[in-house]
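With mature numbering (1 follows the signal peptide of the UniProt record, and there is no 0) applied, the sequence shown corresponds to residues -18 to -1, 1 to 704, in that order.
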Amino acid sequence: MKRLFAILLLVASANLNAQFFPNPATLSTGQGAPGTQDPIWLCSPWSSTIPGNPMGQTYGPTLINNNCAPGAWVDPASLPAPMNNGNWITGTESDCAANSTDGYRYFRLTINLPPDCNGNSVTVQGNYVLNLDGYVDNQIIDVFINGNSQGISGGSFAPGAQLNIHLDGPWVVGVNYIDILVYNFPNGSPGSSNPYGLLLVADGTTSATTDSDGDGVTDLYDVCPCDYGTNPYGCPDPNANTCDIDLIRTTFLNEGCIELPVCNNDCSMYFLNPDPHSGSSAQAYAQTLGANLISVQSAAENTCIMNELNRLGQSGVIWIGFNDEAEEGNFVWYDQAPITYTNWAPGEPNNSGGDEGCTQIYPDGLWNDLNCNTANAQSIIEVNLCPVITTHDIIICANEPAVIAADDPILGSFPYTFSWSNGATTQTQTVPSVNGEYIVTVTDRYNCSGTDTAEVVAKPVPLAIITPADTLVCSGSNPNLQLSSDISGATLTWTVAETNATGASNGSGNAISQTLNVTGTTDGTVIYTVTPGFDGCTGSPVNATVTVAVPPTITASADVSICPGTSTMISATGGVLYNWDNGLGTGASHTVSPLVTTTYTVNGEDANGCLGSDAVTVTVYPNPTASITGTTAVCLNDAAPSLTLSGSVGVAPYDFTYTINGGASQTVTSNGAGQATLTVPTGTSGVFDYELTGVEDANGCTTSLSQTATVTVHALPTYYGC
C-alpha cells in the first residue's frame, strides 16, 4: 500500500480553504424567513450619541422584520427584481414600533475574500467592488470598511428614495467588516412609531449585467463571481480526475436535490436533499445514489456548508452524517472518514431521551445530536469524488500462494469495479509467487477512480541437498550423510522411518552420523526425510534411503584333526572374497599342515562389501610311542612266558606291529589300558627275538619302532647214566 489516507484529507481541506468570492445574492439583508434571525447581518446596541469606531463595538443578531412601519417602509415585495431579493432587518431587543429616542447603531456585514478577483489582488482598491442598494430608517450617517470611513451618507425608507452604496476597497485578504452607521430620530411625540431599520440588496442594480470573472454568468446569478466558472452556477467544477461531474449533477438534480457549488472541491460535491427524512432514512436514501450524508472534516468545510445553507434560506433540522447508532457515545461518519473535526453546540451531544443517535447542523454551523427517527428533516449529501482503495503488501515464501486483495473502497459511490495492472477484475486474486507490484484501480458508479499498489515480496525457499542421496551400509556401520542447502544459513532437520533396522533417530544439523543395525535376517532400510528451513520458509522435504545390509554368513569347513606330518584342506563359503589369518592370505580354501593344533580364522566379504567371519581348528594329534618288555629264559616245555606291549602318548587302543626273529610282521591290539600281552610258546628250544616295529593309536597316528624282547628256551640236558 503506497498512498497515505491523510494526504487525501489534506487535499480536500486545501480546496475548501481556497474560498470563492461571496455571491452577492447571499449578502442582502433578510436572507431568511421573516421573524427569524438574519444569518449574516449583525447590529450593535443603541447609543444616544454617535458611537466610536465600529471595530471597537460589540454586535448581536438582527431580526428579519418587514412589519415595523407598515405603509411607511417600502414593501420589498413591491420592488422590481433584483431589488426584491431582500427584507428589512431591525434590532431584536424591543418592539421596533415603540422607539421614541434619537440614537445610533451599526449594522454589520462580514465577508470573507480570497486573495484575488479574476486574477487581480483584492488589496488593490477597485479590483473588487460591492454595491449595496436599498433603504434605511431614518438615514445612513457613514459607511466603514474595516473601520475606515467611506464618507457615504443619506437614504430614506420611502419608496423611490433608494440609496446606492458603492464599495471598492481597499480590502484585506480574508475577513472584512462592512459597518453601516444608522441614525434614527423620532417623528412626532414620544411613543410614536419610529423604528430603526435597514433594507439593502447587494449589487441590486449592477450585477444583472456585470460578469466580473468572464465566465458567461452575470454576477447576479454567479455563485462565484470572481472565479471563472465551468458550471451553470458560475463556479469551477471540481478537478476530480476521471469523475463524470455532469452525470453526478444530473443524477442529483433529477432527484430534486439542490447543489451547493461553493463548497465543491476536488474530492467532494455537496447536495441538499429538501425531502423530509428521518436520520436513518436520509442516509439510506443517499446510498441509493451511491453517496452518504456529509462527513465534515474541517472548520472551513463546516463554515462553507453553513454559508450555503444560509444562502439558500435553509434552517431547521438538517441531517449530517455523524452518528452513534452502532455504539452509544461512539460517533462515526457514515462514509467511514476519520474524525478530524467536530463542532458541537454547547452541552451537546447530550443524548436527550436516551435515543439521540443522529446529528443535525444549525444555521450557525453548530451541531446537535437528535433522535434518528425525527421526521420532516432535510439532509446534506456528500458525493465523494476520491475513492480510497487500500491494498496490503504481502510477504510470502516462494512456495506459498500469493493472494492479494483490495479492501472494500470508501469515500466513493457504490457500486465499484476493480481493474488490476495484470488484467484481473476481481477484488481478490492469486498471483505468481515472485516479487512484483500490482496496481489496482477502483472505479465507482460515477467513473471516479482511485488507485493503490500491492507489493508481493517472495522470500526464497531453501533446497535440501543430501550427499549421497541413497546409500548402502553394512549392519553396524555409519551412513555419514552430508547435508547442505542452496541458501547459506538454512537449517536442516530430519525425521526417520525404520524397517528391520535400529539406531536411527530424528535430529538436525549438517551431517547424519548414526550407527545402524539390522534386526533380522533380511536387509533393513532407514529413510531419512530432510526438511530445509530459512527465514520462516520451509522447503520441500528430500528423502535419502539407507539400506542396512545383513552381514554375510561365512562358513568355514569343519574342524579337523591330523597326525603330525600330515596335511588337510580347509575352506570357507558364503562370500565372494576371503582372507585367512596365520599367513594363509586370500582364497576360499587352503591345504595346511600345522605342527601343532592351530585355529584358522577367515574373514569373508560379500558382494555389498560387508564382512563376516568363521574359524576352523586343525588339531594335530601327537605320535604314539610303545615299548615291549618281558625278556626271559626258560627251559623247554616250561610254562609259556608273556611279553608285554605298552602304548603311550597316543590314544588307546593301540595296534602294535612286531616280528619274531625277523619274520613276517604281526599285529596285536592293546586293551583299553593300552597294553597287549604276547604268550611265547616253549615247545621248541631256541632264542626267540620279538621286535616291536611300530605302533598306531586310535587316531591313526603311527610311529616306527625297533624294540626287542628275547625269550630263550633252553633245551633240556641229555642225561647219560652213570
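Each residue gets a CB set at the ideal place from its N, CA and C atoms; glycine is no exception.
Remember, predicted model here, so these are calculated numbers, not experimental data.
According to DSSP, residues forming a beta bridge with Y636 = Note: Y636 sits in no beta bridge, so no partner.
Is the segment 572 to 586 in contact with the segment 550 to 559, if contact means three or more CB pairs nearer than 8 Å?
-> yes
Residue burial classification, T31 (beta-carbon count within 10 angstroms, cutoff 16) = exposed
Give the single residue among W70, Q107, D219, N35 whose Cα lies nearest to the Cα of S10.
-> W70
Beta-bridge partners of W349, as assigned by DSSP | W326, I343
Does the Cβ-Cβ distance between S431 and V424 come in under 8 Å?
-> yes
Might you give, ordered along the chain, the residues of its own chain that have their beta carbon closer than 7 Å to the beta carbon of Y165, omitting 5 neighbours on each side?
-> Y86, N120, Q121, I123
Beta carbon of V162, beta carbon of V199: below 8 Å?
-> Checking the sequence, you will find Ile at residue 162 rather than Val. Contact: no.
What's the call for F167, buried or exposed, on a 16-neighbour Cβ count within 10 Å?
-> exposed
Of the choices P450, D541, T399, Y560, whose alpha-carbon is the least far from that of N579?
-> Looking at the sequence itself, residue 579 is Thr, so the reference to Asn does not match. The option with the nearest alpha carbon to T579 is D541.
Drop a sphere of 10 angstroms on the beta-carbon of S618, count the other beta-carbons inside from all chains shown, and report buried for 16 or more, exposed for fewer.
-> Note on residue identity: the sequence assigns Leu, not Ser, to residue 618. By the 10 Å Cβ count, L618 comes out exposed.
Run the CB neighbour count on Y267, radius 10 Å, all protein chains shown included, and call it buried at 16 or more, exposed below.
-> buried
Return the bridge partner residues of Y165 from the DSSP annotation.
-> Y86, Q121
With T72 and T40 assumed to form a contact (beta carbons below 8 Å), what rounded beta-carbon distance in angstroms separates them?
-> Contact doesn't hold; Cβ gap of about 17 Å is too wide.
With burial defined as no fewer than 16 other Cβ atoms inside 10 Å of the residue's Cβ, what is the status of L465: buried or exposed?
-> buried
Verify whether the separation of the beta carbon atoms of G261 and L352 is less than 8 Å.
-> yes
For I227, which residues of its own chain have a beta-carbon under 6 Å away from its beta-carbon, when the five flanking residues on both sides are left out?
-> D219
What did DSSP end up calling Q296 once you bin it into helix, strand or coil?
-> coil
CA-CA distance, A184 and S60?
-> 17 Å
Would the beta-carbon of V244 fall within 8 Å of that of C286?
-> yes
Can you check whether the CB of T611 is closer than 8 Å to the CB of L625?
-> yes
Would you list, in sequence order, the uninterrupted alpha helix (DSSP H) runs of no fewer than 4 residues that lie entirely inside the segment 229 to 284?
-> 261 to 270
How big is the Cα-Cα spacing for G179 and S194?
-> 31 Å
Leaving aside the five residues before and after N488 along the sequence, list all residues of the same chain whose C-beta is less than 8 Å from its C-beta, in chain order.
-> T475, W476, T477, V478
Contact under 8 Å by Cβ, V439 with V413 | no
Whole-angstrom distance between N246 and T270, CA atom to CA atom | 21 Å
Thinking C-alpha only, which one of A615, S250, S401, C456 is nearest Y420?
-> S401
May I ask you to report which of helix, strand or coil DSSP gives L367?
-> coil
Environment of E283 [buried if 16+ CB atoms lie within 10 Å] = buried
Residues near S277 by beta carbon distance below 6 Å, same chain, minus five either side = G303, W315, D317, A319
Would Y702 be called buried (16 or more neighbouring beta carbons within 10 Å of its own) or exposed?
-> exposed
How is the beta strand (DSSP E) around I134 delimited, first residue to last?
-> From DSSP, I134 is part of no beta strand (DSSP E); its letter is neither H nor E.
Just mark I377 as buried or exposed, buried being the case when its beta carbon has 16 or more other beta carbons within 10 Å.
-> exposed
Could you name the residues that DSSP lists as bridge partners for P43?
-> L24
Pull up the distance between the alpha-carbon of N221 and that of M288, whole angstroms please.
-> 23 Å
Spatially closest choice to L254 from L242, Q265, S263, D248, by CA coordinates | L242
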